[in-house]
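Trainee: Quick note: to get the working numbering, add 8 to the position in the sequence shown (first position is 1). Don't be surprised by glycine CBs; every beta carbon is placed ideally from N, CA and C.
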Amino acid sequence: MERFIFVAAIIFAVIFGLFAMVGGGRHFHFDIDGRTDPVMPAAAGHAAQTAHGDELRFKYIAAHVTVTPEDRQDFAIEITNPGHAPMPTIERDGENVVVDGHLANRVDCDDGGGADLRGYGRVAQADLPQIVVHAPRTLHVEYDGAGLAEIGPSQELHLEVSGCGGATAADVAGELEVEVRGSGRVQAGAAHSLDAQVFGSGGLNTGAIADGAAANVFGSGSMTLASVTGSLKANSHGSGGVNVSGGSITNAEFDLFGSGDIVVAAPVQRLKASIHGSGDVTVNGAVGDVDASLFGSGGVHATSITGTVHKQTMGSGDVTSG
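Here you go:
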């Protein structure tokens, strides 16, 4: 059984690695629902609308979005279109507010923050539709497409980024939830707690996390946390990795399947690790108790181990210190 899991993990990592190699300076975005929008007239325009809803969703879009959380219960949305892409529209979908860019299956990204829009040409970020949103301080934002979404300081934030676009988020007073799907990247500030997942080749960077973090990477993506205080749960399935650059961790629980690594530059009181494959857990700091299950060549290494070590091994992996 362990051999099967090990082989499956390696296959999983290779598949995601191949997807991550596609593109280079350009990244492709696929719309899995099968929708393809027709080429529409691209003309300069301006629109403004206020709407109530539980979530704010941007779909099939290439834009530069600025979201300002403030003391309000609705969303005030203003769109200025320079005229190089279709005019986004604002609509309700159940309890959600949706900004539709009408670019389904027409979006490729580039590293400059712009987009290659099939049927419209290459558009620089400054020439994309500019969308300004005034939103509640506790908010749920979904961004699917190309371009950039910038979110100001918030009370609580649930952010989902799909496709090849990027997002930035300022400090969050409470919980920060992030999901990245595809090749996009998210740069976030500090938060009280973190629950984050990266699927694909994208990435997430955050500031200091004050009271516990859950970090999961599936594929070849990456996650870097400036620091974590409290508990830390981290998983890597594939070739991606998790890095924690500082903090003080009470309980750490790590699961690795494949070739990805977890690196922590902070003391850990209690560490539990399960490794299937060639990935490693490295703690650049003191560790108290260690409980490790190692299947393959991956291992656990710490600067020092001051408590008890319990290990189960099948392969060349081991628990070491020094």
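Which partner residues of Gln205 appear in the DSSP bridge assignment?
Mentor: Paired residues: Glu187 and Asn224.
Trainee: Strictly by DSSP, which residues pair up with Pro144?
Mentor: Glu78.
Trainee: Below 8 Å CB to CB, which residues in the same chain sit around Gly210 once its five sequence neighbours on both sides are set aside?
Mentor: Closer than 8 Å at Cβ, skipping near neighbours: Val169, Val188, Arg189, Gly190, Ser191, Gly192, Arg193, Val194 and Gly229.
Trainee: Take the Cβ of Thr214 as the centre, count every other Cβ of all protein chains shown within 10 Å, and call the residue buried at 16 or more, exposed below.
Mentor: Burial call: buried.
Trainee: Under 7 Å, do Asp288 and Gly315 count as touching if we go by C-beta distance?
Mentor: It is not a contact, given that the beta carbons lie outside the stated cut-off.
Trainee: In whole angstroms, give me the CA-to-CA distance for Gly330 and Leu167.
Mentor: C-alpha separation (whole angstroms): 40 Å.
Trainee: My understanding is that Ala154 touches Gly173, with C-beta atoms under 8 Å, so please give their C-beta distance in whole angstroms.
Mentor: Right, the Cβ-Cβ distance comes to about 5 Å (below 8 Å), so this counts as a contact.
Trainee: According to DSSP, simplified to helix, strand and coil, what is Gln277?
Mentor: Three-state DSSP puts Gln277 in a strand.
Trainee: So which of Val252, Gly246, Asp152 and Pro46 has the shortest CA-CA distance to Ser267?
Mentor: Of the listed residues, the one whose Cα sits closest to Ser267 is Gly246.
Trainee: Alpha carbon to alpha carbon, how far is His318 from His284?
Mentor: Their Cα atoms are separated by approximately 17 Å.
Trainee: Going by DSSP, what residue range makes up the beta strand (DSSP E) through His5?
Mentor: Absent from the model: residue 5. The displayed extent of the chain is 9 to 330, so no value can be given.
Trainee: Do you know whose CA, among Pro94, Val291, Leu165 and Ala71, lies nearest His110's CA?
Mentor: If we check each option's Cα against that of His110, Pro94 comes out closest.
Trainee: Given this structure, state the Cα-to-Cα distance separating Gly61 from Thr146, to the nearest angstrom.
Mentor: Approximately 12 Å between the Cα atoms of the pair.
Trainee: In the DSSP assignment, the beta strand (DSSP E) including Leu165 goes from what residue to what residue?
Mentor: Per DSSP, Leu165 belongs to the beta strand (DSSP E) from Glu164 to Gly171.
Trainee: If we call anything under 7 Å between Cβ atoms a contact, is Glu78 one with Asn104?
Mentor: No.
Trainee: Based on the DSSP output, what are the partners of Thr321 in its beta bridges?
Mentor: BP columns for Thr321 point to Leu302.
Trainee: Suppose the cutoff is 6 Å on Cβ atoms and the five residues either side in sequence are ignored; what does the same chain contact list for Ile98 look like?
Mentor: Around Ile98: Gln57, Ile85 and Val107.
Trainee: With DSSP as the reference, identify every bridge partner of Ala199, one or two as the case may be.
Mentor: Looking at the DSSP assignment, Ala199 forms a beta bridge with Val180 and Ile217.
Trainee: Would you mind working out which of Lys280, Ala134 and Val149 sits nearest Ala71, comparing C-alpha positions?
Mentor: Ranking the options by Cα distance to Ala71, first place goes to Ala134.
Trainee: Could you give the distance in angstroms between the alpha-carbon of Ser244 and the alpha-carbon of Ala112?
Mentor: Taking the straight line from one Cα to the other gives about 31 Å.
Trainee: Checking 7 Å against the spacing of the C-beta atoms, do Ile313 and Val295 come in under that value?
Mentor: Against a cut-off of 7 Å, the Cβ pair of Val295 and Ile313 comes out as a contact.
Trainee: Do you know offhand how far Thr237's Cα is from Ser256's?
Mentor: So the two alpha carbons sit approximately 5 Å from each other.
Trainee: Can you check whether the CB of Ala260 is closer than 7 Å to the CB of Leu279?
Mentor: The answer is yes: Cβ separation under 7 Å.
Trainee: Among all the DSSP beta bridges, which residues are the ones paired with Ala175?
Mentor: Ala157 and Val194.
Trainee: Return yes when at least one heavy atom of the ligand NAP lies under 6 Å from the C-beta of Glu164, else no.
Mentor: Only the bare structure without any ligand can be found here, which leaves the ligand NAP out of the picture.
Trainee: Indicate the three-state DSSP secondary structure (helix, strand or coil) for Asp135 in the structure shown.
Mentor: Asp135 falls in the helix class under three-state DSSP.
Trainee: Gly53: which of Leu136, Thr76, Gly42 and Leu302 sits nearest, CA to CA?
Mentor: Of Leu136, Thr76, Gly42 and Leu302, the residue nearest in Cα terms is Leu136.
Trainee: Determine, using beta carbons only, whether Gly91 and Ala55 come nearer to each other than 7 Å.
Mentor: Not in contact: Gly91 and Ala55 (Cβ atoms no closer than 7 Å).
Trainee: Just checking: is the beta-carbon of Leu167 within a distance shorter than 7 Å of some beta-carbon in chain B?
Mentor: Absent from the structure: chain B. Only one protein chain is present.
Trainee: Could you say which of Ser253, Gly227, Ala196 and Gln277 lies nearest to Ser239 if we only look at CA atoms?
Mentor: Taking only the C-alpha atoms, the option nearest Ser239 is Gln277.
Trainee: So which of Val180, Val186, Gly208 and Ala204 has the shortest CA-CA distance to Ala198?
Mentor: When each option's Cα is compared against that of Ala198, the closest is Val180.
Trainee: Can you name the residues that DSSP bridges to Met48?
Mentor: DSSP, once it has assigned bridges, lists no residue as partnering Met48.
Trainee: Whose C-alpha, out of Asn224, Asp263 and Ala218, is nearest the C-alpha of Gly254?
Mentor: Comparing Cα-Cα distances from Gly254 to each of Asn224, Asp263 and Ala218, the minimum goes to Ala218.
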